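Residue numbers (this note's numbering): 1 to 616. Step one of this worksheet: look at the structure below.
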């Protein structure tokens, strides 16, 4: 280490702590990779492998990617199963007394991706945690939306049931204890669904786990419903600890813990789900040709994810089923009103993932404008939804629809109509929001007028008719005088530069103005960044409200989707009860019917019970 340059020592120290990650090491406007990381990235990303002096005779293999386009490269590495650690400068280079301090600010793995550009907006990106004891505890979370689910699995074949449950969520990554990292059936299954395995050290101490969960959710384990489920509590704790470790930011938005059991949803073996082609076709493993493809007319990304979840987890509670059916019927019976709702929904952005970007500190002004463009639609949506008071579920959605006008007003009054991509270079705060910003902008905007007046005054004082005042980044502001007029130059002018046809000068007054303008520009950028962070914090303080609204929008979107398909295809509402009889008259297969082009589907009757009319 002593022979290495200080920067390379810094890199290797960080790499030692994150040895199984590819380090994206920030140097200026690039992320650089060194040694084995560089060789891997060069191969996987088709980058040119170069070298850098590291203080030893041999040069360190190196390759890099531009900072502003790094997300696409990170996405490609993560999709290939690599973990990427983002190493940033964590202090201002201008204030650093020596080597700029750097540290890991975020870790990106297949299960912890939050950037919407790296995700399919219509699918959840789950990470799972597995904990085994007297039973098996499973936890699933989409860190990009804040959803989190957990369940306990027991019985005679808990591992097989756990595999089935994991298959329903198809996580991109699973946190697995060492004792199960070599379980043949489990490992083979995880490999088949392309799920990365991250091995965990062990089960957290029960008391420490309880304190962690109480601190995160603001409730003790009894209130959370995991008091009698130690494996579930441990799985939730393991997953949230990993999320906190990788995101390196506040993860309190992952707060909607849903403890469920096989009594909440219909238990379907994984092979049955696959053969029924509910969300993935057997032939191409895509959406086309599935029940999801037939029924999905959702308008929002939030609704697109929820309809998939509803189809993969069918309800078995008749009252809940009837509430959904009644809501769909009310929407079917009110075509004009439903179309108006759909028009509103089609203009809405993905609040769940935008909120996660905001909390993680990666959102910019355009993301805030996307949030406000959605929120301003809520008052009209609430009014339209109020017309469906006959449906219990739609009425619940109406009552729960907080219009968030205070948040919309905050964003609309503070963020520029067309904000820049960067949040550090100014132009993001709207005129009139902050008096200090307006004053600094006035100084900068008045610059042209000041220069024109100063130029006219100097021409009049000196008699130099072609005198010009200009600016460049190297010399700042300067007065330019042609060679033929040099005899008129006053003694107060200070020579700055000699050119072939002219001389350039500065004056004390010009230098003072330059300091004022450049200082105003720097202060303006700093102030706008501080104001943006304050606005961001005020919105994040309303995370629970925004998450509830996202849930309402998603449910309404799915119900409208079901209603649109039902109306177009003349579906009827079934009568649901707890009897052992299935009695269908003129039944039609929705997927087969959709794909018949030159012939009609022939309806069929079905009658099944638990007596003579059964299949087995």
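Cβ atoms here follow ideal geometry from the backbone N, Cα and C, with glycine treated the same way. All figures in this text were calculated on a predicted structure; none of them were measured in a lab.
Helix, strand or coil for residue i? Go by DSSP, reduced to three states.
i: residue 1; result: Confidence at residue 1 is low in this model, with a pLDDT of 46, below 50, so its placement is unreliable and no value can be given for it.
i: residue 26; result: strand
i: residue 53; result: coil
i: residue 130; result: strand
i: residue 495; result: strand
i: residue 247; result: helix
i: residue 60; result: strand
i: residue 427; result: coil
i: residue 505; result: strand
i: residue 242; result: helix
i: residue 33; result: strand
i: residue 102; result: strand
i: residue 315; result: strand
i: residue 572; result: coil
i: residue 65; result: strand
i: residue 136; result: strand
i: residue 464; result: coil
i: residue 449; result: helix
i: residue 6; result: helix
i: residue 365; result: helix
i: residue 12; result: helix
i: residue 395; result: helix
i: residue 272; result: helix
i: residue 329; result: helix
i: residue 544; result: helix
i: residue 615; result: coil
i: residue 517; result: helix
i: residue 511; result: helix
Per DSSP, which residues does residue i bridge with? Please list them.
i: residue 342; result: Per DSSP, none; premise fails for residue 342.
i: residue 472; result: 476
i: residue 587; result: 604
i: residue 258; result: 149
i: residue 85; result: 23 and 107
i: residue 141; result: 127 and 148
i: residue 481; result: 503
i: residue 415; result: 429
i: residue 265; result: 315
i: residue 582; result: 608
For residue i, collect the residues of the same chain with a Cβ closer than 6 Å to its Cβ; drop the 5 residues on either side in sequence, then sort them by chain order.
i: residue 476; result: 514
i: residue 98; result: none
i: residue 104; result: 85 and 87
i: residue 260; result: 151
i: residue 108; result: 74, 78 and 84
i: residue 372; result: 408, 411 and 412
i: residue 326; result: 391
Less than 8 Å between C-beta atoms, sequence neighbours within five positions excluded: which residues of the same chain meet that for residue i?
i: residue 328; result: 559, 562, 563, 566 and 573
i: residue 601; result: 588, 589, 592 and 593
i: residue 100; result: 89, 91 and 93
i: residue 366; result: 419 and 421
i: residue 1; result: Its pLDDT being 46, under 50, residue 1 is placed unreliably by the model, and the measurement read from it follows with that caveat. 9 and 12.
Leaving aside the five residues before and after residue i along the sequence, list all residues of the same chain whose C-beta is less than 7 Å from its C-beta, in chain order.
i: residue 468; result: 455 and 480
i: residue 61; result: 34, 35, 38, 39, 49 and 51
i: residue 281; result: 288, 289 and 290
i: residue 28; result: none
i: residue 423; result: 364, 365, 529 and 532
i: residue 278; result: 290, 291, 292, 311 and 312
i: residue 265; result: 313, 314, 315 and 316
i: residue 426; result: 524, 525 and 528
i: residue 230; result: 133 and 206
Is residue i near the ligand SAM, with its Cβ less than 7 Å from a heavy atom?
i: residue 555; result: Ligands in the displayed structure: none, and consequently the ligand SAM is not present.
Of all the CB atoms in chain B, is at least one closer than 8 Å to the CB of residue i?
i: residue 295; result: Although the question refers to chain B, the structure presented lacks it and comprises just one protein chain.
Handout entry: Cβ pair count under 8 Å reaching 3, the segment 185–196 against the segment 205–215
Key = no
Practice task
Mind the definition here: the segment 220–235 touches the segment 193–201 only if three or more C-beta pairs lie below 8 Å; say whether that holds.
Solution key: no
Handout entry: At least three beta-carbon pairs within less than 8 Å, the segment 519–528 to the segment 335–344
Key = no
Handout entry: Minimum length 4: unbroken alpha helix (DSSP H) runs contained in the segment 284–309
Key = The segment 284–309 contains these whole alpha helix (DSSP H) runs: 291–295.
Practice task
Examine the Cβ distances between the segment 524–541 and the segment 379–391 and report whether three or more of them are shorter than 8 Å.
Solution key: no
Problem - Cβ contact (3+ pairs, closer than 8 Å) linking the segment 416–434 and the segment 568–587 - result: no
Exercise for the section: Take every Cβ of the segment 435–444, pair it with every Cβ of the segment 388–407, and state whether three or more of those distances are shorter than 8 Å. Expected result: no
Practice task
Check whether the segment 230–242 touches the segment 123–139, taking contact to mean three or more Cβ pairs, one atom from each stretch, closer than 8 Å.
Solution key: Taking 8 Å as the limit for Cβ pairs, the verdict is that the segment 123–139 does touch the segment 230–242.
Problem - Length-filtered (4 minimum) alpha helix (DSSP H) runs lying within the segment 153–236 - result: 158–169, 184–192, 206–217 and 221–224
Exercise for the section: Indicate whether the contact test is met: 3 or more Cβ pairs, each with one atom in the segment 535–546 and one in the segment 391–406, closer than 8 Å. Expected result: Short answer: they touch.
Handout entry: Cβ pair count under 8 Å reaching 3, the segment 158–174 against the segment 119–135
Key = yes
Handout entry: Stretch pair the segment 162–171 + the segment 266–283: three plus CB contacts closer than 8 Å
Key = yes
Practice task
Spell out a yes or no on whether the segment 71–78 and the segment 108–118 are touching, meaning 3 or more CB-CB pairs, one atom from each, closer than 8 Å.
Solution key: yes
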